[in-house]
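Worksheet: the structure to be examined is printed underneath.
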Amino acid sequence: MKPFTNFESRMVPLPLNNIDTDQIIPARFLKTTSKQGLDKQLFNDWRYDAAGNPNPEFIINKPESQGVQVLLAGDNFGCGSSREHAPWALTQWGFRAVISTSFADIFKQNSLKNSLLPIEVAADVHAELFAAPAGATVKIDLPNQTLTTPSGRVVTFPVDEFSKHCLVKGVDELGYILEQSPEIAAYEAAHPALINALA
Amino acid sequence: MPRTIMPRTIIEKLWDNHVVHELPGAPSLLFIDLHLVHEVTSPQAFQGLRERGLKVRRPDLHIATADHSIPTSDRSLPIVDPIAANQLAQLEANCKEFGIRCLGVHSDQQGIVHVIGPELGLTQPGMTVVCGDSHTATHGAFGALAFGIGTSEVEQVLATQCLLQRKSKSFQVQVEGTLKAGVSAKDIILALIARIGIGGGTASVFEFTGSAIRALSMEERMTVCNMSIEGGARAGLIAPDDTTFEYLAGRPHAPKGAAWDSAVARWRELATDPGATYDRTVTIDADALEPMITYGTNPGMGVSINEALPKPSEVSDPMARESITKALAYMGLEGGKPLVGHPIDVVFIGSCTNSRISDLRTAAGLLKGRKVNPKVRVMVVPGSQEVKRQAIAEGLPEIFRAAGCEWREPGCSMCIAMNGDQLTPGQYSVSTSNRNFEGRQGKGGRTFLASPLTAAASAITGVVTDVRTLL
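Residue numbers (the working numbering), protein chains in the order written: chain A, 4 to 202; chain B, 95 to 565.
Below is the structure:
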């Protein structure tokens with residue numbers, strides 16, 4: 004995983020609550036066995052019309068959204084299916100952070116494993132960001148856990164220490180777990196298997 | 095010196111029993127007793143193992159099956175969709191390469207992953223169970239800590255049998271009283287989600303308690319726990335009791351003989367201690383429940399069957415108003431009126447929520463000697479080959495066919511609409527599945543989630559129906 008660095012970006016606002024992972028990437032695109040190429044299906048059913056042409060009204064398709072790295076969304080972003088294809092599609096499109104008041108648990112964990120930072124802000128900050136003029140930028144500083152709003156207000160956001168460490172240093176979780184193999188072996192020795200699925 | 099033992103919930107006991115290691119400043123390393131694998135969320139994980147040169151640490155604790163993208167048409171025919179065919183073939187090849195047992199496309203034990211785990215006795219009380227699927231909470235019905243994971247975590251469990259986890263909050267859902275005729279387990283969970291909202295249980299694990307939960311069969315308990323994720327909770331569980339043990343006894347992977355007796359003794363210790371406290375408790379009066387139905391584009395948008403839908407103008411928060419306005423527009427519905435009497439095009443009876451033998455018996459009981467409305471396509475999709483065999487033994491397919499329903503092969507089918515079983519744009523379904531998100535059952539399709547009883551009743555009349563008018 005590449006280390007997560009601080010950045011400044013405009014925002015793509017999507018003012019809807021409970022955006023589920025079926026909207027982020029519909030299930031019919033999950034028949035792929037690859038992680039790649041999912042950016043084309045990001046928000047597919049909002050992004051394209053019945054004939055497959057881009058819907059010019061949808062925010063992702065607008066010229067001012069191109070190259071933007073922050074998605075600003077309503078409450079409870081990423082609810083529903085556990086598909087990791089959702090953060091894969093978002094990061095492949097170019098997003099590095101999503102700002103909301105809250106995130107669904109599985110989506111949040113999946114995002115943190117893919118260098119996509121879920122930033123939880125209070126309702127008043129959320130409202131300020133949605134009210135910001137078009138083209139306004141936010142600054143994201145992960146080591147200090149701060150978000151600077153377009154008005155210059157600096158607010159802190161929560162990230163657990165371990166996830167922050169992994170993001171900032173580019174640490175791979177699986178490598179970290181593998182280092183604990185002796186402890187896993189000790190646990191296994193003390194806990195005989197409850198089943199044998201191979202039998 | 096006598097030590098004071100703090101009373102613990104079942105959630106805390108399950109957690110404590112599975113902590114492998116804890117390092118300061120890091121999440122706990124938790125051991126996973128059972129991992130269920132399917133074709134959609136595993137290929138990238140197996141590829142990750144290959145790229146790192148890793149093996150599966152404990153092949154004995156994983157089981158794979160094909161459910162999401164598998165067709166529900168005649169299995170002797172080739173799979174028409176080449177992308178799905180490739181994904182299904184890759185599952186079997188990956189399992190073979192890494193030494194995992196796979197109940198694949200042609201296995202006589204194939205089925206929806208959350209139906210076959212319990213059926214085979216692999217899901218047991220006290221376990222940690224994970225799967226790259228958010229409906230893994232289903233297995234919580236046995237008193238297991240069961241939750242959905244992403245593909246990175248699938249790779250971690252394959253390689254290490256462990257996951258890094260943070261403790262969840264405990265959320266008690268106490269359901270007291272007796273369900274009335276026509277009201278079922280599905281209505282309990284839909285009522286909970288309508289009440290707390292789709293994000294209401296975020297960062298929590300539900301424990302379902304109370305007399306109405308104790309009175310449920312194992313299959314009904316699975317229906318309740320299955321939709322914990324639709325209430326925002328990653329897991330939901332029910333303490334094991336005699337109902338649990340009776341269901342498990344004699345199943346292929348359940349302990350036998352003396353091992354069974356000691357297992358039961360151990361399982362009885364799991365229940366929440368008297369005096370243990372929860373972070374939050376919600377109480378539901380089972381006597382007051384009515385059949386439930388969703389009207390919108392998330393499972394929290396539910397009402398009792400005769401209740402008027404909310405009007406956007408009555409919602410004060412602007413973003414919440416915009417969300418409900420958008421949902422009603424997508425669904426082609428008006429606020430202020432009930433859904434009863436609304437015409438439908440499709441009825442889907444199936445999914446990991448409601449495709450078990452008791453669900454099929456319930457639907458068949460209502461459909462026996464009746465005909466479905468000729469305008470409605472009715473699909474009945476058993477949850478597994480085992481459910482299908484049992485249904486055949488009981489003569490259920492004949493009842494469904496005589497009524498005008500399609501009787502299909504096991505799989506997720508129109509719950510997720512990956513396999514060609516889907517709504518066409520604008521169609522309405524009454525579905526016993528778990529999600530009514532935009533396009534979930536096919537692009538432009540519109541889903542009303544309900545119980546098997548409500549689905550069967552609506553199939554007969556061709557409109558959204560209160561089943562109690564047909565009982």
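In this text, a Cβ means the ideal position worked out from N, Cα and C, and glycines have one as well.
Give, in chain order, every residue of the region 191-216 of chain B whose Cβ lies closer than 7 angstroms to some Cβ of chain A.
Flagged, chain order: Arg-195, Leu-216.
Output needed for Thr-254 of chain B: all residues of its chain with C-beta closer than 7 angstroms, excluding positions within five of it in sequence on either side, in chain order.
What you label residue 254 of chain B is simply residue 160 of the second sequence in a count that begins at 1. Arg-151, listed in sequence order.
State yes or no: is the beta carbon of Ile-187 of chain A nearer than 8 angstroms to at least one beta carbon in chain B?
Taking the first sequence and counting its residues from 1, one reaches residue 187 of chain A at position 184. Chain B contact via Cβ: present.
Just to confirm my understanding: we take Ala-275 of chain B, look at its own chain, exclude 5 residues before and 5 after, and list those with CB closer than 8 angstroms. What are they?
Indexing the second sequence from 1 puts residue 275 of chain B at position 181. Here the set comprises Arg-562, Leu-565.
Tell me, to the nearest whole angstrom, how far the beta carbon of Ser-452 of chain B is from that of Ser-311 of chain B; I am working on the premise that it is less than 8 angstroms.
As a first step, residue 452 of chain B is located in the second sequence; it is residue number 358 there, counting from the start. As a first step, residue 311 of chain B is located in the second sequence; it is residue number 217 there, counting from the start. Correct: roughly 6 angstroms between the Cβ atoms.
Between Phe-241 of chain B and Thr-232 of chain B, is the Cβ-Cβ spacing less than 8 angstroms?
For the purposes of this step, residue 241 of chain B is taken as the residue at position 147 of the second sequence. For the purposes of this step, residue 232 of chain B is taken as the residue at position 138 of the second sequence. No, Cβ-Cβ distance for Phe-241 of chain B and Thr-232 of chain B is not below 8 angstroms.
Rounded to the nearest angstrom, what separates Leu-207 of chain A and Arg-195 of chain B at their Cα positions?
Residue 207 of chain A is absent from the structure shown; chain A starts at 4 and stops at 202.
Under DSSP, the alpha helix (DSSP H) around Ser-305 of chain B begins and ends at which residues?
By 1-based counting over the second sequence, the position of residue 305 of chain B is 211. Residues 305-308.
Using a Cβ-Cβ distance cut-off of 8 angstroms, determine whether Val-397 of chain B contacts chain A.
Counting from one through the second sequence, the residue named residue 397 of chain B turns up at place 303. No, its Cβ sits nowhere closer than 8 angstroms to a Cβ of chain A.
Please report whether the beta-carbon of Ala-107 of chain A lies at a distance below 8 angstroms from any beta-carbon of chain B.
As a working mapping, residue 107 of chain A is identified with position 104 in the first sequence. Answer yes: the Cβ-Cβ gap between Ala-107 of chain A and chain B drops below 8 angstroms somewhere.
Give the C-beta separation of His-347 of chain B and Gly-215 of chain B to the nearest angstrom, bearing in mind that I take them to be a contact with Cβ-Cβ under 8 angstroms.
For the purposes of this step, residue 347 of chain B is identified with residue 253 of the second sequence, where counting begins at 1. For the purposes of this step, residue 215 of chain B is identified with residue 121 of the second sequence, where counting begins at 1. That belief holds up - the Cβ atoms of His-347 of chain B and Gly-215 of chain B are roughly 4 angstroms apart, short of 8 angstroms.
Relative to the C-alpha of His-200 of chain B, which candidate in B:Glu-213, B:Ala-183, B:Asn-188 has its C-alpha closest?
In the second sequence, the residue the question calls residue 200 of chain B occupies position 106. When each option's Cα is compared against that of His-200 of chain B, the closest is B:Ala-183.
Are there 16 or more other CB atoms within 10 angstroms of the CB of Arg-540 of chain B, so buried, or fewer, so exposed?
Position 446 of the second sequence, counting from 1, holds the residue named residue 540 of chain B. Arg-540 of chain B comes out buried.
For chain A, find out if any of its Cβ atoms is closer than 8 angstroms to the Cβ of Lys-350 of chain B; answer yes or no.
For the purposes of this step, residue 350 of chain B is taken as the residue at position 256 of the second sequence. Taking Cβ atoms only, chain A never reaches closer than 8 angstroms to Lys-350 of chain B, which makes this a no.
Given a threshold of 16 other Cβ atoms within 10 Å of its Cβ, counted over all protein chains shown, does Glu-213 of chain B qualify as buried or as exposed?
The sequence position of residue 213 of chain B within the second sequence is 119, counting from 1. Burial call: buried.
Cβ of Pro-334 of chain B less than 8 angstroms from any chain A Cβ?
Stepping through the second sequence from its first residue, residue 334 of chain B is reached at position 240. Chain A, which has no Cβ nearer than 8 angstroms to the Cβ of Pro-334 of chain B, makes this no.
Would you mind listing the alpha helix (DSSP H) stretches within the region 89-122 of chain A that are 4+ residues and don't spill past its ends, in chain order?
Segments of the alpha helix (DSSP H) lying fully in the region 89-122 of chain A: 108-115.
Do Asp-373 of chain B and Phe-265 of chain B come within 8 angstroms of each other at the CB atom, strictly closer than that value?
On the second sequence, residue 265 of chain B is found 171 positions in, with the first residue counted as 1. On the second sequence, residue 373 of chain B is found 279 positions in, with the first residue counted as 1. Going by C-beta atoms, Phe-265 of chain B is nearer than 8 angstroms to Asp-373 of chain B.
With a threshold of 8 angstroms between beta carbons, is Met-95 of chain B in contact with chain A?
Indexing the second sequence from 1 puts residue 95 of chain B at position 1. Residue placement at Met-95 of chain B cannot be trusted, given a pLDDT of 48 that sits under 50; the coordinates are not used to answer.
Give me the Cα-Cα distance between Ala-288 of chain B and Gly-394 of chain B, rounded to the nearest whole angstrom.
Sequence index remark: in the second sequence, residue 288 of chain B carries index 194 (1-based). Sequence index remark: in the second sequence, residue 394 of chain B carries index 300 (1-based). One C-alpha to the other measures close to 4 angstroms.
Is the separation between the beta-carbon of Leu-257 of chain B and that of Ala-380 of chain B shorter than 8 angstroms?
Along the second sequence, one-based indexing puts residue 257 of chain B at 163. Along the second sequence, one-based indexing puts residue 380 of chain B at 286. For Leu-257 of chain B and Ala-380 of chain B, no; Cβs fall outside 8 angstroms.
Can you name, in chain order, every residue of its own chain whose Cβ lies under 8 angstroms from the Cβ of Leu-17 of chain A, other than the five neighbours on each side?
For this step, residue 17 of chain A is matched to residue 14 along the first sequence. Once the five neighbours on either side are set aside, the close Cβ partners of Leu-17 of chain A are Ile-62, Leu-74, Leu-75, Ala-76, Gly-77.
Any C-beta of chain A within less than 9 angstroms: which residues of the region 529-562 of chain B qualify?
So the list reads Arg-529, Phe-531, Glu-532, Gly-533, Arg-534, Gly-536, Lys-537, Gly-538, given in the order they occur along the chain.
Taking DSSP as the reference, what is the three-state secondary structure of Tyr-569 of chain B?
Not covered by the structure: residue 569 of chain B. The range shown for chain B is 95 to 565.
Could I get the ranges of all uninterrupted beta strand (DSSP E) runs contained in the region 116-194 of chain A, with 3 residues as the minimum, in chain order?
Runs found: 120-123, 140-144, 149-151, 157-159.
Is any beta-carbon of chain B found at less than 8 angstroms from that of Arg-86 of chain A?
Within the first sequence, numbered from 1, the residue matching residue 86 of chain A stands at position 83. Yes, because at least one Cβ of chain B sits closer than 8 angstroms to the Cβ of Arg-86 of chain A.
For the alpha helix (DSSP H) containing Ser-525 of chain B, list its first residue and its last residue.
Residue 525 of chain B sits at position 431 when you count from the first residue of the second sequence. Unbroken run through Ser-525 of chain B is the beta strand (DSSP E), 522-525; no alpha helix (DSSP H).
Using 10 angstroms around the beta-carbon of Asn-79 of chain A, count the other beta-carbons present and answer buried if the total reaches 16, otherwise exposed.
Start at 1 with the first residue of the first sequence, and residue 79 of chain A comes out as number 76. Looking at its Cβ environment, which holds 16 or more other Cβ atoms inside 10 Å, Asn-79 of chain A is buried.
Could you give the first and the last residue of the continuous alpha helix (DSSP H) run that contains Pro-412 of chain B?
Start at 1 with the first residue of the second sequence, and residue 412 of chain B comes out as number 318. Run containing Pro-412 of chain B: 412-425, per the alpha helix (DSSP H) assignment.
Does the region 510-528 of chain B come into contact with the region 438-452 of chain B, if we say contact requires no fewer than three beta-carbon pairs (one atom in each stretch) closer than 8 angstroms?
The region 510-528 of chain B, when compared against the region 438-452 of chain B, does touch it at the 8 angstroms Cβ threshold.
Can you list the residues of chain A that Phe-253 of chain B reaches, using a CB-CB cut of under 9 angstroms?
Position 159 of the second sequence, counted from the first residue, corresponds to residue 253 of chain B. For the sequence presented, residue 253 of chain B should be read as Ala rather than Phe. Those within 9 angstroms of Ala-253 of chain B in chain A are Leu-177, Ile-180, Leu-181.
Quick one: using the 10 Å Cβ neighbour count with 16 as the cut-off for buried, is Val-174 of chain B buried or exposed?
Looking up residue 174 of chain B in the second sequence gives position 80. Under this definition Val-174 of chain B is an exposed residue.
Within 10 angstroms of its Cβ, does Asn-9 of chain A collect 16 or more other Cβ (buried), or is it exposed?
On the first sequence, position 6 is the one that residue 9 of chain A refers to. Classification of Asn-9 of chain A: exposed, given that the 10 Å Cβ count is below 16.
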